[in-house]
Amino acid sequence: MKQEIFGYKTQCCRKALCIAGYILSCGALLLLFYWKPEWDVWANCVPCSLEEADVVLLRTTDEFRIYSRKNVTWISVSGIIKSRLDYPSFAEEDSIFNKALMKPSLQVKSIQVQKIRYVWNIYAKQFQKVGRVICGPNTIDVPVIPIWKLLIKEVLNPFYVFQLFSVCLWFAEDYMEYAAAIIVMSLLSISLTVYDLRQRETCEAQRSHCMSPTGFQELESHHLVPGDMVVLKEGKALLPCDAILISGQCIVNESMLTGESIPVTKTQLPQADNLKPWRMHCAEDYKKHVLFCGTEVIQTKGDDRGVVKAVVLQTGFNTAKGDLVRSILYPKPMNFRLYRDALRFLMCLIAFAAIGMIYTVCVFALNG
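Encoded structure:
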């Protein structure tokens, strides 16, 4: 899903005023900012360029235009590279890796959006994805959120906050039946929602072992980075990453990704005399040469030397399987329009209730 990004810089005076507002409103302002993260950013920060930002505001480009806030973090690239020299890495001449080795004190700014980490390229003035040094290990580990956190997140929904005030009012007016009915229905709704979220987040990632190019040493799959060369042995195996086949052939079962039960034959990338990138040279049929993460290699056929080689293209959540997992974790809202209309109706009820309360207070004040 495409998103627009806006840079903001936190101001101490604005933050102090917001903290005072939290205290004076007994947490109501903080709850409002929890529901509206863009209001939180607008109240605490001022707009600035992305180079100076310590907070970014993301907005989806679809009809819903949903906002989300992300804090900018600093990562010491050079320190991580020096501590990982035993592992093979791939970098272009003008990449951030080589610049990190030339500049030992290099740090980069990053944000993490839906399991993908993006960094500021301070030399190209733009975002780009970099290798495992920034993105982390080649795993699709989905941390399971504790049930108590899911409960708190669901209870803080505006509807349940409104129901809480209604129940307190009905108990004060001795409307026990209405209050009990609302409590039972709210508990059932919260329980079903938390159960659905829990089921969605309990997907597990597969792991395997592959070969790596520096002397073809055996390497655990979570150490793979884009550019590594892997050797596929005979027998069945699960692919731990997206890779391009450069020698030999493979028969692959892609039912996990496509649902097709018929195995697919993968051939090696054809040799090209021109200097065009491989994706431009064979843009239409490049999938015939790509082994996707999570698919099962059923059979391999080596080249003249009996070896099947592939070069890693994507790892972790950047792979085809990672995209599938992210689409499950962060689905596009389906009933957002209904939710928005319900919120508007709730605001109208609150407005009528406020008018009635003011009228009642005035009547009591005039009658002594």
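Residue numbers (the numbering used here): 17 to 384.
Glycine residues also receive a C-beta, built at the ideal position from the N, C-alpha and C atoms.
Would you mind reading off the limits of the beta strand (DSSP E) that contains residue i?
i    : result
Q19  : Q19 to T26
V86  : For the record, residue 86 in the displayed sequence is Lys; it is not Val. Taken as a continuous stretch (DSSP letters only), the beta strand (DSSP E) holding K86 covers Y83 to N87.
Q179 : Note, Q179: premise wrong, no beta strand (DSSP E); alpha helix (DSSP H) at P174 to A188.
T281 : V280 to K282
I'd like the list of long-range same chain contacts for residue i, defined as Cβ closer than 8 Å, with 5 residues on each side in sequence excluded.
i    : result
F175 : A358 and L362
I127 : V72, K86, N87, V88, T89, R133 and Y134
L45  : C34, G37 and Y38
T26  : N60, C61, D70 and V71
Bridge partners of residue i, per DSSP?
i    : result
A259 : L307 and V328
Q265 : K317
P63  : Y24
M245 : V327
R133 : Q128
E312 : L254 and N269
I206 : I206 pairs with nothing; no bridge assigned.
I35  : Answer is none; I35 lacks a bridge partner.
In chain order, what residues of the same chain have a beta carbon less than 6 Å from the beta carbon of residue i, not counting five sequence neighbours either side?
i   : result
C34 : A59 and N60
I82 : T76
Under 7 Å Cβ to Cβ from residue i, same chain only, skipping five residues before and after it: list those, please.
i    : result
D319 : S263 and G264
S224 : For S224, the pLDDT reaches just 36, beneath the cut-off of 50, and the residue's location in the model is therefore unreliable, although a value from the coordinates is still provided. Cβ neighbours of S224 beyond the five flanking positions: S237, A253, L254 and P256.
W186 : Y194 and A195
E108 : Low per-residue confidence applies at E108: pLDDT is 48, beneath 50, and the placement is therefore not dependable, though the value from the model is reported in the following sentence. Same-chain partners within the cutoff: there are none.
P53  : Y83, S84 and R85
S277 : S271
Q215 : none
Q19  : L74, R75, T76 and T77
I10  : Not covered by the structure: residue 10. The range shown for the chain is 17 to 384.
K282 : L261, Q265, C266, V268, K304, H305 and L307
Using beta-carbon positions only, say whether residue i and residue j come within less than 8 Å of one another.
i    : j    : result
V327 : A259 : yes
L285 : T311 : no
V247 : V324 : yes
Give the range of the alpha helix (DSSP H) segment to which residue i is assigned.
i    : result
N60  : P53 to N60
I344 : A336 to L345
K165 : I163 to V171
L74  : Premise fails: L74 lies in the beta strand (DSSP E), V71 to T76, not in any alpha helix (DSSP H).
T274 : S271 to T274
For residue i, count neighbouring C-beta atoms within 10 Å of its own C-beta (all shown protein chains included) and say buried if the count is 16 or more, exposed if not.
i    : result
Y211 : exposed
Q330 : buried
F333 : buried
M245 : buried
D56  : buried
V379 : exposed
C184 : exposed
T335 : buried
L307 : buried
Y24  : buried
T472 : The displayed coordinates of the chain run from 17 to 384. Any statement about residue 472 would go beyond what the structure contains.
Can you find a heavy atom of the ligand MN that lies under 7 Å from the Cβ of residue i?
i    : result
L273 : As far as ligands go, the structure on display features none, and thus does not contain the ligand MN.
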